[in-house]
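Chains as they are written, first to last, in the numbering used here: chain A, 1 to 322; chain B, 323 to 633; chain C, 634 to 1214.
Virtual Cβ for every residue (Gly too), placed ideally from N, Cα, C.
Below: the structure, in structure tokens.
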Amino acid sequence: MFKFVSMRLLQSIVVMLVVGLIAFGLFRFVGDPINNMVGQDTTLTEREALTESLGLNDPFLVQYGRFISKAVQGDFGMSYRLRQPVSGLIAERFPATLELSLISAFIALALGVPMGIYTAIKPKSLITRGFMTLSLVGISLPTFLIGILLILFFGVTLRWLPTFGRGEVVDLGWWSTGFLTASGLKSLILPAITLAIFQMTLIVRLVRAEMLEVLRTDYIKFAHARGLSPRLINFSIALRNTLVPVITIIGLQVGSIIAFAIITESVFQWPGMGLLFIQAVSEVDIPVMAAYLLLIAFVFVVINLIVDILYFVVDPRLRVQS
Amino acid sequence: MSDISNERSSFLTRFRESDLWWNFKGSPGAIIAATVTFLMIFGAAFANFVAPHNPFDLATVDLFDALLPPAWEDGGKASFLLGTDDQGRDVFSTILYGSRISLIVGFASVGFAAILGIAVGLVSGYAGGVVDSILMRIADVQLSFPAILIALLIDGVARGIMPRETHDELAVYVLVIAIGLSFWVQYARTVRSSVMVERNKEYVQAGQVIGLPDWIILVRHILPNVMGPVLVIATIQLALAVITEATLSFLGVGVPPTSPSLGTLIRIGNDYLFSGEWWITIFPGGALVILVLSVNILGDWLRDALNPKLR
Amino acid sequence: MSKTLLDIKDLVVEFPSRHGDVIAAKNVCLSVESGEILGVVGESGAGKSTIGNAVMGLLERPGRVGGGEVFLEGEKISGLSQVQMRKIRGKRIGMIFQDPLTSLNPLETIAKQLIGTIQTHLGFNDADARERAISLLDQVGIPNPSERVDHYPHQFSGGMRQRVVIALALCAEPEVILADEPTTALDVSIQAQILDLLKKLVREKGVGMILITHDMGVIAEVADRVAVMYRGVVVETGPTAKILGNPDHPYSRSLISAVPRPDVRLHRFPMVESIEAAGERKDLDLSTHWLGKARDFGQSDGPLLKVDNLEMVFKTGGMFGGGSSIVRAVDDVSFDIRNGECFGIVGESGSGKSTIARLVTSIYKSAGGSINFAGTDLTKIKKRKELNVHRRQMQMIFQDPFSSVNARMKVRDIIAEPIRFHKLASSEKETRQIVDDLLDHVGLGAKAAVKYPHEFSGGQRQRISIARALATRPRFLICDEPTSALDVSIQAQILNLLKDLQDELGLTMMFISHDLPVIRQMCDRVGVMSKGKMVEIAETEELFVAPKHDYSKHLISLMPSYTGLMNKEDAQAEAGQAEAS
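Take a look at the structure:
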């Protein structure tokens, strides 16, 4: 167990260093840091002095090391566009994205997993056909279009729900939450549904496929031949065996919800990291892009680590030596 | 000569007798989806002839026709079936031209991803060892990041290294590369695992016993045997690529408004949503969904048909 | 007097398909009494397994019971609902599946699986159920059951897992057990143990067992009565001795005569009226034909193949950073094969016999030792071009007829590939002519050239494989279990074909098999492999009559005792004829 986790931890660190390298590459070579810091009329000598003082003439590895050690301390430099420290910008917007993602992930999983299981166990039922048709439409609807349709219907036509922003937020220390006000909760509804729908349809299809795979195995047939009840077979044997691949799916989907938040935030003008990132991409605000990349990578690495440990708990073949 | 035509006709008969064709004839969903897909591809490819107007010919576009509703609503004009946008362009025609760009980006990026992914998968699966480990670690890391994020990053990098005008000109190419580079992993992993299965099959060893060089075995023997799953992935990914392109364009980092794709059209229309001109958004959106849905239905059908066990 | 437990009357099973209904079982009548083992034997596609599934109400879609009735102790059980059937499955009829590696839920301990089944049917409390689970494991011969019961399936070997499967089938003391190929996935030595166990359980508990198998040896070993199935129909039922010794139906006769005789060597297999037309072989005039020409390989003195101290290792494990271990697949093996002889290699699965074939053909690289072919050490050759000169002279026929030919190529291109690659024909026209002749020669017919492999059966595909091997005009042919995936009647045809080709072309052969009777029929000398080592090399007859090494003795002792259709005198007479001819 310890060995397994420490191996995974080591791998995660390597992944983070590689992503760090990409982020550093972006920072150092894509945008010219000097051009973005000085005005048109700066002289060549002033530029060189600045270059020297920023350490941009140092060897590559030294610069990379400095970048990493600063990043670890949360220092990502200044945004070119907003002229503010990137870490502050991100800290300000992180709660908005996290609250949105968590609620959406909850909706997507709480509905998607049971629907996937149901459609696998009852492949011929009418409800299954309905679910499957809906899920096909669901994966064909781009997230942004779902958002637009919801805005048009609930916002423009019915005027029930707000269509942009977070509403009123309450500051709890450095964390600002929309959970504690009516307008905050109302504002959350449409973006959360938007973000959840696409992921949910994916989860339904993936869980269904895995469950069907398990239901075709010999040990399920043998269980039927022993006269065990369908409830025991479906929910104890099949479900547990489906859990192993489903954990992976959940891990990947939670990751991708954070990424797809970019689109939702853009549609609803939700003041989160995704909106910040998309603005950074169109304005080539490299420090923000690099910081966002590192942060997302970190979240994914943590999720993968949790998934690996869960594997270990669920599957005795990993836990018990033969 | 007769021999060749004979063999070709035998291919046609083989196809007609094949389970795939029989299966296709028996699934109305697949037939409708295939027809719709074909019509949309046809309409997009021959937009110049099919479209009632040329929305990008400034001489024919009249600002007095701006923001007309669809023909059946009050104030609509029969010549603009689905209405016009803020610049007086015919929405139906912009959809045709827009789907052309969407489809070009979709097909090109899927093709690019497929070639890259198949090549990596073949090499990785056949060579094994260190080469395999390195390629697959890269794939693993990339796979844990959603494609859209990678495409955004690549687009951001492209913006960083070229001036704005150049970027607008090359936007389509940038998109193809960005989407292609974020999609190759799927092919690589599927092809690799198929190759690892195929490589241990005895027909490959028969080739080795004959003395065939590895590349002949890979290209002539293994590749045709792993194309089934690749075809399924390619179909499903075409749908995903069209969605991704539309998403990027909607976010404003895709193709510029001067030669809009479906995503760009939706972005343009989005600004008019609140003032009641819904048709500028909804019709391109509908076209996008119908296209993607048809391709997805085809992909689903193809997967089931090639994998009878999975039903 | 024993009573009839399960009575199947006029059972019909249909599978609706694209080309109309396929009848998998047609008016099948079977019955089994207590304390009796009824063997159901037949070749693949005969509908054996369908019957078991139909009785249990577990037919896979779209299969359905089209008629007939099933009685369990006089009570009709066909047509019962799934809920009612659940009280019969496991409780009154137990079932044992073929593959022990996939029959058990990998995530639960054996205890949990046993207790779940016991409680479902017998309503025991936890402690009693656990006690019963342990005693069941004891009954099926699992050592140290009170500790092993808490292990997971992956901690058991294949044979032990099959014992667990049997214990699971016995949980509720069923009256009838359906065993569907229960030993097919196991090695011969474990196979014998499991058969003994099944026999013992049937006798002790007085249950009735229907044993479904394709293996005549298994039938001879344990069955009291036998039903022979052919294309969904039971053609004959009778006591085992009668069916194996003197069957009435022509199909049973041909099926049984095709089984390789373990007791005596015949020159050829009796030709059988079989399921599949053998196809006319057109004899080529080999003195003038391409295939007969240029066979003037430099005749060197001494053996054609001389293998010395061959070594091969595989690395396994190490997935999760755990200790990887090294398996010596081939461990210091030496042997030689003389010009024109057929050298057999026999051993259980995993003994390294197929690895030797792949080392000799340079598919794998050896870890040590030398392989001298016609005087050249192949392990010393670095360049592919040089190696190909020798590769052309040795070809290989593989085990699995379905994967050994590329399904995406036409038969013509499959066979022409080596001719084109080694430039053995002067023109494309000649190549095509040669391919057509080869197809005629192996009994497929030239028309096969424009078809794809999927249009052929397993036996026919094996002929394609043989034609491809002949296309380089080899002098050394390696056969790696060439018939183990085939039905016995087809096996007899293919083995006859190989014998004929060897005679006509003067081929030297290396014949690898796990099947001792087949080895006895085919080989002049035999090497016995065990755990990577070649423990004994002997003349074939000598090995079968007086094996020297303990492992050889063990293997020979496990050979099925059954001795074929005719009585001893007839067999000896025929053997005498074979030597004379």
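- Query: What first and last residue would you give for the alpha helix (DSSP H) that runs through Leu-275 of chain A?
  - Reply: On the first sequence, position 275 is the one that residue 275 of chain A refers to. Residues 273-283.
- Task: Below 7 Å between beta carbons is the criterion; list the residues of the region 771-792 of chain C that meet it against any residue of chain A, in chain order.
- Result: Tyr-785, His-787, Gln-788
- Using three-state DSSP, classify Pro-872 of chain C as helix, strand or coil. Along the third sequence, one-based indexing puts residue 872 of chain C at 239. Reduced to three states, the DSSP call for Pro-872 of chain C is strand.
- Message: Using 9 Å as the threshold, is the C-beta distance between Pro-551 of chain B and Asn-1039 of chain C below it?
- Response: Here residue 551 of chain B refers to the residue found at position 229 of the second sequence. Here residue 1039 of chain C refers to the residue found at position 406 of the third sequence. It is not a contact, given that the beta carbons lie outside the stated cut-off.
- Message: Given a cut-off of 9 Å on the beta-carbon distance, is the pair Leu-1119 of chain C and Ile-1111 of chain C in contact?
- Response: Residue mapping note: residue 1119 of chain C aligns to position 486 of the third sequence, counting from 1. Residue mapping note: residue 1111 of chain C aligns to position 478 of the third sequence, counting from 1. The answer is no: Cβ separation not under 9 Å.
- Query: At least one CB of chain B closer than 9 Å to the CB of Thr-119 of chain A: is that the case?
  - Reply: For the purposes of this step, residue 119 of chain A is identified with residue 119 of the first sequence, where counting begins at 1. Chain B, which has no Cβ nearer than 9 Å to the Cβ of Thr-119 of chain A, makes this no.
- State buried or exposed for Pro-1086 of chain C, treating a residue as buried only when at least 16 other CB atoms are found within 10 Å of its CB. Against the third sequence, residue 1086 of chain C aligns to sequence position 453. Looking at its Cβ environment, which holds 16 or more other Cβ atoms inside 10 Å, Pro-1086 of chain C is buried.
- Task: Spatial neighbours of Pro-739 of chain C within its chain, please: CB distance less than 8 Å, with the 5 preceding and 5 following residues excluded, ordered by chain position.
- Result: The sequence position of residue 739 of chain C within the third sequence is 106, counting from 1. So the qualifying residues of the chain are Tyr-785, Pro-786, His-787.
- Message: I want to see whether chain A comes within less than 9 Å of Leu-503 of chain B, judged by CB atoms only; does it?
- Response: Here residue 503 of chain B corresponds to residue number 181 of the second sequence, with the count starting at 1. No - not a single Cβ of chain A is within 9 Å of the one on Leu-503 of chain B.
- Query: Counting pairs of Cβ atoms below 8 Å between the region 571-584 of chain B and the region 511-518 of chain B, do you hit three or more?
  - Reply: no
- Message: Considering only the alpha carbon of each residue, which of C:Ile-959, C:Ile-1030, C:Arg-1108, C:Glu-837 lies closest to Asn-972 of chain C?
- Response: One-based indexing of the third sequence puts residue 972 of chain C at position 339. The shortest C-alpha separation from Asn-972 of chain C is found at C:Arg-1108.
- Query: Less than 9 Å separating the beta-carbons of Val-1161 of chain C and His-1182 of chain C?
  - Reply: Position 528 of the third sequence, counting from 1, holds the residue named residue 1161 of chain C. Position 549 of the third sequence, counting from 1, holds the residue named residue 1182 of chain C. Against a cut-off of 9 Å, the Cβ pair of His-1182 of chain C and Val-1161 of chain C comes out as a contact.
- Message: Tell me whether Gly-173 of chain A, by its Cβ, gets closer than 8 Å to a heavy atom of the ligand PLP.
- Response: What this structure holds is no ligand at all, so the ligand PLP is not there to describe.
- Say whether chain B places a C-beta atom closer than 9 Å to the C-beta of Gly-255 of chain A. One-based indexing of the first sequence puts residue 255 of chain A at position 255. True, the Cβ-Cβ gap to chain B drops below 9 Å.
- Query: Taking Cβ-Cβ distances shorter than 7 Å, what residues in chain C pair up with Ile-249 of chain A?
  - Reply: The residue given as residue 249 of chain A occupies position 249 in the first sequence. Within 7 Å Cβ-Cβ: nothing; Ile-249 of chain A doesn't reach chain C, min ~18 Å.
- Looking at the C-beta of Gly-529 of chain B, does it have a partner C-beta in chain C at a distance below 9 Å? Here residue 529 of chain B corresponds to residue number 207 of the second sequence, with the count starting at 1. Answer yes: the Cβ-Cβ gap between Gly-529 of chain B and chain C drops below 9 Å somewhere.
- Every unbroken alpha helix (DSSP H) within the region 1075-1124 of chain C, with a cutoff of 4 residues, ordered by chain: 1091-1103
- Message: Distance check for Glu-168 of chain A and Thr-181 of chain A, CA to CA, integer angstroms please.
- Response: Position 181 of the first sequence, counting from 1, holds the residue named residue 181 of chain A. Position 168 of the first sequence, counting from 1, holds the residue named residue 168 of chain A. When rounded, the distance between both Cα atoms is 6 Å.
- Message: Just verifying my parser: in three-state terms, what is the DSSP assignment at Trp-175 of chain A?
- Response: Reading the first sequence from its first residue, position 175 is the one you call residue 175 of chain A. Residue state, collapsed to three classes: strand.
- Message: Assuming Tyr-863 of chain C is part of the beta strand (DSSP E), what are its boundary residues?
- Response: Residue mapping note: residue 863 of chain C aligns to position 230 of the third sequence, counting from 1. Note, Tyr-863 of chain C: beta strand (DSSP E), 858-863.
- Query: Looking at the C-beta of Leu-98 of chain A, does it have a partner C-beta in chain B at a distance below 9 Å?
  - Reply: Reading the first sequence from its first residue, position 98 is the one you call residue 98 of chain A. Output row for Leu-98 of chain A: interface = no.
- Residues in the region 292-314 of chain A having any Cβ partner in chain C nearer than 8 Å: Val-314
- Message: What does DSSP give as the partner residue(s) for Pro-807 of chain C in the beta ladder?
- Response: Start at 1 with the first residue of the third sequence, and residue 807 of chain C comes out as number 174. According to DSSP, Pro-807 of chain C bridges with nothing at all.
- Item | Segment limits, alpha helix (DSSP H) that includes Thr-921 of chain C | One-based indexing of the third sequence puts residue 921 of chain C at position 288. Careful: Thr-921 of chain C lies outside any alpha helix (DSSP H) and carries neither H nor E.
- Euclidean distance between Cα positions of Pro-392 of chain B and Leu-145 of chain A: To locate residue 392 of chain B, count along the second sequence from 1; it is residue 70. To locate residue 145 of chain A, count along the first sequence from 1; it is residue 145. Going by the C-alpha atoms only, they are around 20 Å apart.
- Give a yes or no on whether the minimum CB-CB distance between Val-798 of chain C and chain A is below 9 Å. Within the third sequence, the letter at position 165 stands for residue 798 of chain C. Yes, Val-798 of chain C lies at the interface with chain A (some Cβ there is under 9 Å from its Cβ).
- Message: Spatial neighbours of Leu-243 of chain A within its chain, please: C-beta separation below 6 Å, excluding the five flanking residues on both sides.
- Response: Within the first sequence, numbered from 1, the residue matching residue 243 of chain A stands at position 243. Hits under 6 Å: Val-314.
- Residues of chain A with CB under 8 Å from Ile-483 of chain B, in chain order? For the purposes of this step, residue 483 of chain B is identified with residue 161 of the second sequence, where counting begins at 1. Those are Val-30, listed as they occur along chain A.
- Determine the closest residue to Tyr-311 of chain A out of A:Gly-251, A:Leu-188, A:Pro-142, A:Ile-237, with distance taken between C-alpha atoms. Taking the first residue of the first sequence as position 1, residue 311 of chain A is located at position 311. Tyr-311 of chain A has its Cα closest to that of A:Gly-251, out of A:Gly-251, A:Leu-188, A:Pro-142, A:Ile-237.
- Query: With a Cβ-Cβ cutoff of 9 Å, do Leu-497 of chain B and Ser-431 of chain B count as a contact?
  - Reply: For this step, residue 497 of chain B is matched to residue 175 along the second sequence. For this step, residue 431 of chain B is matched to residue 109 along the second sequence. Cβ distance < 9 Å, so Leu-497 of chain B and Ser-431 of chain B count as in contact.
- Task: Establish whether the CB of Asp-732 of chain C and some CB of chain B are separated by less than 9 Å.
- Result: By one-based count along the third sequence, residue 732 of chain C stands at place 99. Taking Cβ atoms only, chain B never reaches closer than 9 Å to Asp-732 of chain C, which makes this a no.
- Query: If contact means a Cβ-Cβ distance below 8 Å, which residues of the region 136-149 of chain A contact chain B?
  - Reply: Leu-136, Val-137, Ile-139, Ser-140, Leu-141, Pro-142, Thr-143, Phe-144, Leu-145, Ile-148, Leu-149
- Does the Cβ-Cβ distance between Gly-227 of chain A and Lys-720 of chain C come in under 9 Å? By one-based count along the first sequence, residue 227 of chain A stands at place 227. By one-based count along the third sequence, residue 720 of chain C stands at place 87. Cβ distance < 9 Å, so Gly-227 of chain A and Lys-720 of chain C count as in contact.
- So, helix, strand or coil for Ser-256 of chain A, using DSSP? In the first sequence, residue 256 of chain A corresponds to position 256, counting from 1. DSSP places Ser-256 of chain A in helix when its eight states are reduced to three.
- To the nearest angstrom, how far is it from the Cα of Gly-576 of chain B to the Cα of Val-288 of chain A? For the purposes of this step, residue 576 of chain B is identified with residue 254 of the second sequence, where counting begins at 1. For the purposes of this step, residue 288 of chain A is identified with residue 288 of the first sequence, where counting begins at 1. Approximately 20 Å, taken between the alpha carbons.
- For a contact meaning CB atoms closer than 7 Å, what does Lys-1164 of chain C contact in chain A? Position 531 of the third sequence holds residue 1164 of chain C. Those do not exist, as Lys-1164 of chain C stays about 19 Å from chain A at its closest Cβ, beyond 7 Å.
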